[in-house]
Structure formats: C-alpha cells, structure tokens
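In what follows, a single structure is set out as structure tokens and then discussed.
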Amino acid sequence: MDIGGSRRWLTLAAGTIALTAGCTFQYGLAYLIPALRAHGLSLEQAGILVACPTAGLLLTLVAWGAAADRFGERLVLASGLAGAGVILLLAAHVQGLAALGACLVAAGAAGGSVYAASGRLILGWFAASQRGLAMGIRQSAQPLGVAVAAVSLPTLAAHGLAAGLTFLGAFCLAAVLLVIVVVRDPVHQARAGAQRDGSPYRAPALWRIHAASALLVVPQFTVATFALVFLVTTRHWPAPATAGAVSRLAAGYWSDRVGSRMRPMRALALAISAILVALAAAAADTSVLAVPALLAAAVLAVSTNGLAFTAVAEYAGPNWAGRALGIQNTGQNLLAAATPPVIAALIAAHGYAIAFAAAAVLPLIAAALVPVAAVDAATAVDATARGANARDAQARDASARDATARPG
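Residue numbering for the sequence shown is 13 to 420, as defined by this note's numbering.
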C-alpha cells in the first residue's frame with residue numbers, strides 16, 4: 013500500500029478545500045452587496061467593505077509565509093483560518109460600518125495564511141513530475157470559492173447579512189477541522205532537492221517570475237471584470253461560462269510532462285497577448301468574432317497562475333518557499349486591485365478596443381521577463397540532487413537491513 017501516495021493526495025484535497033474557504037470570503041463578498049444595501053449602505057460603502065478582506069490580506073501575506081517556513085504548514089493553515097472563521101462569526105453581530113470593516117480587514121489578514129501554506133505543502137509532498145498538476149488543482153480553489161459564494165450567498169443574504177457572514181465563518185472553521193485531521197507537515201528535504209545557501213533573491217530569477225506573473229494578472233482581471241458588461245452592453249449576450257479551472261490543470265499537467273514551468277508560461281503569455289489583440293480588433297470592428305475571442309481570453313488568461321506559483325516554490329526551496337509565495341501573492345493582488353479602475357478609465361475614454369489592446373501589451377513584457385534558462389537550470393540541479401538523496405537513502409536502508417541481518 014502506497015501510504016505516501018494516498019497521504020499526499022489527501023493533503024492536497026484538504027489544502028485545496030482550506031484555500032477554497034479562504035477564497036469564498038476573500039473574493040465572494042460581492043454577492044452580499046444586496047444585503048449590505050438593505051442595511052442602508054450606499055453602493056460606494058458596500059464596495060469599500062467588499063475590498064476590506066483584500067486589504068487585510070496584503071498586510072500579512074509575507075508574514076504568514078515566513079511563519080510557514082519557520083513553524084510548518086499545518087499550524088499556519090489551521091491557526092490563520094481559525095482566526096478568520098471566528099472573526100467572521102463576530103462580524104455577523106457587530107454594529108456600524110467601521111466595526112464591520114475592521115472585522116473584514118482582520119479576517120482577510122488572518123485568512124492570508126492559506127495562500128502561502130497550502131502552496132508550500134505541494135512543494136513538500138509532491139515530486140517535481142507531479143507538482144504542476146497538483147498546483148493547478150490547488151489554484152482551482154479561487155474559481156471554486158467564487159462559485160460557492162455565487163451559489164450560497166445570494167440566498168442567504170435574503171435572510172440578512174448575518175446569515176451570509178455566519179456561513180462564511182462556519183465554512184472556514186469546518187476547513188480547519190479538516191486540516192487538523194488530514195494535513196501533516198512533509199519532510200521537505202526528501203522532496204525538494206538541494207538546499208540553497210542564503211536568500212534566493214540574490215539572483216534575479218525570482219524577481220522576474222514575480223514581475224511576469226503580476227503583469228499577467230492584468231489581462232485576467234480585465235477579462236473577468238469587464239466581460240459581462242462588454243457582452244451585455246455591446247453584444248447583448250449573457251455572461252460567459254469560464255473554463256479557467258480546467259485551463260490551470262491542463263497547464264500544470266503540460267509543465268510536468270515537459271519538465272519546465274517557464275517554457276509553458278512563456279508560450280501561454282504570448283498566446284494571451286495574441287488573443288487579446290484579436291479581441292481588440294474584433295471589438296473595434298464590431299465583429300461577431302468578439303464573443304469567441306472573449307471566451308478564449310477568459311480561459312487562457314488564468315492558465316499561467318499555477319505555473320508561476322509552482323516555479324516560485326521550487327526555485328525558492330523549502331527554507332524560503334513560504335516567504336516567496338507570500339511575495340508572489342502580494343504582487344499579484346496589488347496589480348489585481350489596480351486593474352479594474354485603470355481599465356475602466358481607458359474604456360470610458362477610448363472604448364473597449366483600446367483597453368483590450370493596452371492589456372495585450374503586458375503579456376508580451378511578461379514573456380520577455382520569464383527566466384526560462386535560469387529556472388530550468390536550477391530545476392536540473394535540484395533533480396540531480398534529488399536523485400543523489402534518493403540513492404543515499406537507499407544505501408542507508410540497505411546498510412541498516414544488513415546490520416540487522418548479521419548474527420549478534
């Protein structure tokens with residue numbers, strides 16, 4: 013029986029559910045806007061509250077990553093998510109806009125633990141040949157969390173704001189119980205290969221991955237934010253169904269097969285730029301091709317997320333993976349927060365075609381930044397080290413068996 017094999021997939025499932033719980037309240041609060049309006053808040057005030065968890069998240073991502081590096085994934089996952097759950101339950105009963113906003117900021121800050129720790133688990137539990145797919149599964153937690161919010165929160169909001177917040181808090185606490193029962197900290201050295209001396213940030217490769225993946229967030233949030241209004245107002249179509257979660261899995265599987273995270277990431281960045289150029293041309297020409305181009309952009313735009321996170325964790329190594337993933341998340345969330353107002357201003361001033369064309373430039377820059385050679389070389393060194401570690405372990409096991417077999 014492959015105990016390690018079953019354990020790693022159970023750990024991945026628990027980590028993904030924990031991240032889904034975090035994403036449900038981080039990115040799903042927009043579905044409580046009707047309940048917030050029913051409490052007498054203006055649309056602007058409701059929008060501020062919806063942004064509060066992200067503000068808290070940005071304050072603590074790197075700190076939670078450092079905690080995961082120091083104390084392990086299980087403790088960080090459970091404690092942070094438990095804190096978020098308790099705060100959300102308290103938020104259901106507070107009075108006043110300021111108190112509710114403070115609770116949501118604090119919940120976002122506590123929930124930031126799942127972003128670094130759940131990714132770090134994959135580095136420790138999965139071999140390089142499976143990490144891309146595993147990280148793709150983990151990254152599917154964001155669309156899953158939004159889907160859970162879309163299905164549950166509008167109905168709950170009909171019974172009042174407290175019902176929605178109570179559900180979000182209970183979901184977090186249920187995920188904590190799952191983490192405590194299922195998750196065990198991995199022995200990272202057995203999986204991750206060679207340990208680097210000092211900070212991995214002394215070389216430019218990690219900074220280039222962070223920059224490239226942050227730039228690739230702009231097309232993602234451009235399409236996600238404005239697809240509905242574009243289709244409804246200019247094409248009179250319903251909102252598109254996204255296959256983004258599937259594209260993340262496919263990209264991760266592709267990277268496992270070719271033994272590189274950066275080559276698929278560069279190819280996908282170029283493809284994203286090309287489809288956005290096609291979308292801009294179709295929007296300018298009022299072509300019927302705008303709809304299939306938009307659907308393709310919605311799928312491609314999210315495909316690189318898992319590749320970047322896997323590469324960051326692998327390159328940073330187990331001693332730095334938590335902090336590196338925290339920095340990765342921080343950069344992406346900052347660009348994600350800035351994208352909607354900037355693109356909205358472009359649309360208002362120049363129309364959809366110019367906005368989509370502007371977004372198409374950033375994946376080209378990202379493709380140029382992707383450090384294919386440096387990361388692939390580091391991966392090859394780590395693969396050699398992993399092989400040597402495995403051979404040493406086998407030799408130690410054989411020596412132990414021989415010693416046991418010898419007569420006293």
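From the three backbone atoms N, C-alpha and C, an ideal C-beta is built for every residue, glycine too. Model, not experiment: these values are computed from the prediction.
Residue i (DSSP reduced to helix, strand or coil)
i      : result
Arg278 : helix
Leu53  : coil
Ala139 : coil
Val382 : coil
Val88  : helix
Arg335 : helix
Ser259 : helix
Thr2   : This structure gives no information on residue 2, because the portion of the chain shown stretches from 13 to 420.
Ala104 : coil
Ala253 : Residue confidence for Ala253 is low, a pLDDT of 45 falling below 50, so the modelled location carries little weight; the figure read from the coordinates is stated next. Ala253 falls in the coil class under three-state DSSP.
Pro216 : coil
Ser272 : coil
Gly34  : helix
Ser211 : coil
Gly363 : coil
Gly205 : Bear in mind that a pLDDT of 43 at Gly205, under 50, signals an unreliable position, so the number given afterwards is only what the model happens to contain. Looking at Gly205 - three-state DSSP - the assignment turns out to be coil, as it is neither helix nor strand.
CB contact flag (residue i, residue j, <7 Å)
i      : j      : result
Leu89  : Thr342 : no
Arg220 : Pro383 : yes
Ala320 : Ser164 : no
Val229 : Leu347 : yes
Tyr327 : Val270 : no
Ile189 : Thr23  : The identity of residue 189 in the sequence shown is Leu, whereas the question assumes Ile. No. Outside cutoff.
Ser315 : Ser259 : yes
Thr178 : Pro352 : no
Leu185 : Ala121 : no
Ile377 : Ala367 : no
His222 : Gln57  : no
Gly148 : Gly27  : no
Residue i, enclosing alpha helix (DSSP H) - first and last residue
i      : result
Val303 : Ala302 to Leu312
Asn199 : Note that residue 199 is Val in the sequence shown here, rather than Asn. Counting along the chain, Val199 falls outside any alpha helix (DSSP H), and DSSP gives it neither H nor E.
Tyr327 : Asn317 to Ala328
Leu165 : Ala153 to Ala169
Thr178 : Leu173 to Val194
Ala424 : The structure shown does not extend to residue 424, since the chain is modelled only from 13 to 420, so the question has no answer here.
The ligand HEM heavy atom lying under 6 Å from the CB of residue i
i     : result
Phe83 : Within the structure as shown, the ligand HEM is missing, as the structure has no ligands at all.
Flag this pair as touching only if the region 295 to 314 and the region 95 to 103 have three or more C-beta atom pairs under 8 Å; answer yes or no.
no
The region 365 to 379 touching the region 272 to 292, judged by at least three CB pairs closer than 8 Å
Taking 8 Å as the limit for Cβ pairs, the verdict is that the region 272 to 292 does touch the region 365 to 379.
I'd like to know if the region 271 to 282 and the region 299 to 309 are in contact, where contact means that at least 3 CB-CB pairs between them fall below 8 Å.
no
Whether or not the region 122 to 136 and the region 74 to 94 are in contact is what I'm after, with contact meaning three or more pairs of Cβ atoms, one per stretch, closer than 8 Å; do they touch?
Because the criterion of three Cβ pairs below 8 Å is met, the region 74 to 94 and the region 122 to 136 touch.
Closer than 8 Å is the cut-off here; do at least three beta carbon pairs connect the region 51 to 67 with the region 28 to 43?
yes
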